[in-house]
Amino acid sequence: MKEDLNTARYVYASKIRDIDRTIRWTSIRHVLKRGLKEKNIAPLQKELSDLMVEEGLDFLTLVDQKGVVIYRFHNPRSSGDNLIKNPFIKEALGKKGVSGTHVLSKEELLREGEEFAKKANLQLVPTPKAKPMEKLEETSGLVLESAYPVLDFNGEVMGALSGGVLLNRNYEIVDQIKSIVFKDAKYKGKDTGTATIFLNDIRISTNVIDKEGNRAIGTRVSAEVHNQVLEKGLPWIQRAFVVDDWYITAYEPIKDIQDKKVGILYVGLLENKYALMKERLILLFFLFSMSAMLIAFTLSFLLSWKFQKRSP
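Positions in the sequence shown are counted from 1; adding 2 to them yields the numbering used here.
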């Protein structure tokens, strides 16, 4: 499973790189510099709104050199608030490009738009073998974000551009991992391989299916995995109970740009399928061994009989 986890990490990181590339190249465009300098965003609105759709971004925000929001291309009615406490914006205004994973609180999500907060909100589901529930819902959101400075023609910081995607209820990454790693194989109508992105210990994006046939968002990781991955910061590569069944699994922590553990990346193979494969291999080995022994016994008997026949 270690190799499968490596692949999952690559897919996750590839999405961050895609966002990084989009924001980096957009931040150096002359039309953006001119719009920020003249405080006239009108010529940019349609073009950058179209860019959001083309690149699959959920949010795209332009701030001035003090971190004050000039324009939200995903929510034009909300502007004027200060994002200087956002670590991505802070780095960008310090003349550094940055990309990675970030947790947004309910208040921060609401500033981005009510739809953001609504999409991120998850009702928690009691989950066997998980830690006791401390709350009934998750209101924060896990995002992949990138931010770059917007520089004037003298290389001075005029502002910053940030953009990214909300991972809550976004299944693009986990389904891509499942397709690449497990080839969408099924066993008795159930996916043999699954992938999940957790916010802390809560499934916010997954193709693990619950008993009702729905994606098991809002369910939680087992207590033993929580202790190993989120508290100790170590990977877990062995069997684990996942929602309602046993899997051969691999988990590792997801960290933000400040090296804080904010979630978990998981891949797993249904143990029943694995056990069946193991049983078939054992049976095949047994049949092969018995066949080899039978052939050896037959040859030995024939050689012995032939030798005795030739003896005077």
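Each residue gets a CB set at the ideal place from its N, CA and C atoms; glycine is no exception.
(request) Alpha carbon to alpha carbon, how far is Leu124 from Gly143? Give it in angstroms, no decimals. (result) By 1-based counting over the sequence shown, the position of residue 143 is 141. By 1-based counting over the sequence shown, the position of residue 124 is 122. Their backbone Cα atoms lie some 10 angstroms apart in a straight line.
(request) Tell me whether Leu46 is buried or exposed, calling it buried when 16 or more other Cβ atoms sit within 10 Å of its Cβ. (result) The residue labelled residue 46 in the question sits at position 44 within the sequence shown. Leu46 comes out buried.
(message) Let me check one thing: in DSSP terms, what residues is Glu140 bridge-paired to?
(response) If you number the sequence shown from 1, residue 140 lands on position 138. Per DSSP, the beta bridge partners of Glu140 are Leu124.
(request) Would you decide whether Tyr12 is buried or exposed? Buried here means 16 or more other CB atoms lie within 10 Å of its CB. (result) For the purposes of this step, residue 12 is taken as residue 10 along the sequence shown, with counting starting at 1. Per the 10 Å Cβ criterion, exposed.
(request) Give the single residue among Tyr268, Pro89, Glu139 and Ala225 whose Cα lies nearest to the Cα of Val145. (result) As a position in the sequence shown, residue 145 is number 143, starting the count at 1. The shortest C-alpha separation from Val145 is found at Pro89.
(request) Under 8 angstroms by Cβ, that's how I've got Tyr268 and Thr198 pegged, so tell me the actual separation to the nearest angstrom. (result) Taking the first residue of the sequence shown as 1, we reach residue 268 at position 266. Taking the first residue of the sequence shown as 1, we reach residue 198 at position 196. So it is a contact: roughly 4 angstroms between Cβ atoms.
(message) I want to know whether the segment 65 to 85 touches the segment 171 to 187 - three or more CB-CB distances under 8 angstroms.
(response) They do not touch, by the three-pair rule.
(request) Note down, in chain order, each residue of its chain lying with its Cβ closer than 7 angstroms to the Cβ of Ala37, except the 5 sequence neighbours on either side. (result) Within the sequence shown, numbered from 1, the residue matching residue 37 stands at position 35. Here the sequence assigns Gly to residue 37, which means Ala is not the residue at that position. Taking Gly37 as the centre and dropping the five residues before and after it, the same chain places the C-beta of Ile43, Pro45 and Leu46 closer than 7 angstroms to its C-beta, in chain order.
(request) Sort Val33, Ser224, Lys192 and Ser302 by Cα distance to Arg205 and report the nearest one. (result) For the purposes of this step, residue 205 is taken as the residue at position 203 of the sequence shown. Out of Val33, Ser224, Lys192 and Ser302, Ser224 has the C-alpha closest to the C-alpha of Arg205.
(request) Hey, could you find the ends of the beta strand (DSSP E) Val269 is sitting in? (result) Walking along the sequence shown from the start, residue 269 turns up at place 267. Per DSSP, Val269 belongs to the beta strand (DSSP E) from Lys263 to Leu272.
(request) Tell me Phe118's beta-bridge partners as DSSP assigns them. (result) Taking the sequence shown and counting its residues from 1, one reaches residue 118 at position 116. Phe118 pairs with nothing; no bridge assigned.
(message) When you measure from the CB of Tyr173 to every non-hydrogen atom of the ligand GDP, does any distance come out below 7 angstroms?
(response) This structure simply doesn't include the ligand GDP, nor any ligand for that matter.
(message) Need the endpoints of the beta strand (DSSP E) that Phe200 sits in, please.
(response) The sequence position of residue 200 within the sequence shown is 198, counting from 1. Per DSSP, the continuous beta strand (DSSP E) segment holding Phe200 begins and ends at Gly195 to Leu201.
(message) For Lys68, report the span of its alpha helix (DSSP H) as first-last.
(response) The residue given as residue 68 occupies position 66 in the sequence shown. Where Lys68 is concerned, there is no enclosing alpha helix (DSSP H), given that its DSSP letter is neither H nor E.
(message) Tell me the residue span of the beta strand (DSSP E) that contains Met160.
(response) If you number the sequence shown from 1, residue 160 lands on position 158. Residues Val159 to Leu168.
(request) Out of Lys108, Phe184, Leu153 and Asp60, point me to the one whose CA is closest to Trp27's CA. (result) One-based indexing of the sequence shown puts residue 27 at position 25. It is Leu153 whose Cα lies nearest to the Cα of Trp27.
(message) Between which two residues does the alpha helix (DSSP H) holding Lys257 run?
(response) Start at 1 with the first residue of the sequence shown, and residue 257 comes out as number 255. It is not in any alpha helix (DSSP H) - Lys257 instead sits in the beta strand (DSSP E) that spans Asp247 to Lys257.
(message) Within 10 Å of its beta-carbon, does Lys98 have 16 or more other beta-carbons around it, so buried, or fewer, so exposed?
(response) By 1-based counting over the sequence shown, the position of residue 98 is 96. By the neighbour-count rule (16 or more Cβ atoms within 10 Å), Lys98 is not buried but exposed.
(message) Please state the DSSP three-state secondary structure of Ile206.
(response) One-based indexing of the sequence shown puts residue 206 at position 204. DSSP places Ile206 in strand when its eight states are reduced to three.
(request) Tell me where the beta strand (DSSP E) around Ser101 begins and ends. (result) In the sequence shown, residue 101 corresponds to position 99, counting from 1. Going by DSSP, Ser101 is part of the beta strand (DSSP E) stretching over Val100 to Leu106.
(message) Taking 8 angstroms as the cut-off, does the segment 230 to 250 touch the segment 173 to 182 (at least 3 CB pairs, one atom from each stretch)?
(response) With a cut-off of 8 angstroms on Cβ pairs, the segment 173 to 182 is not in contact with the segment 230 to 250, counting fewer than three such pairs.
(message) Between which two residues does the beta strand (DSSP E) holding Val244 run?
(response) On the sequence shown, position 242 is the one that residue 244 refers to. Counted as a single uninterrupted DSSP element, the beta strand (DSSP E) harbouring Val244 occupies residues Trp238 to Val244.
(request) Using only alpha-carbon positions, find the residue among Ile25, Lys131, Val33 and Arg79 that is nearest to Ile91. (result) Against the sequence shown, residue 91 aligns to sequence position 89. Answer by Cα proximity: Ile25.
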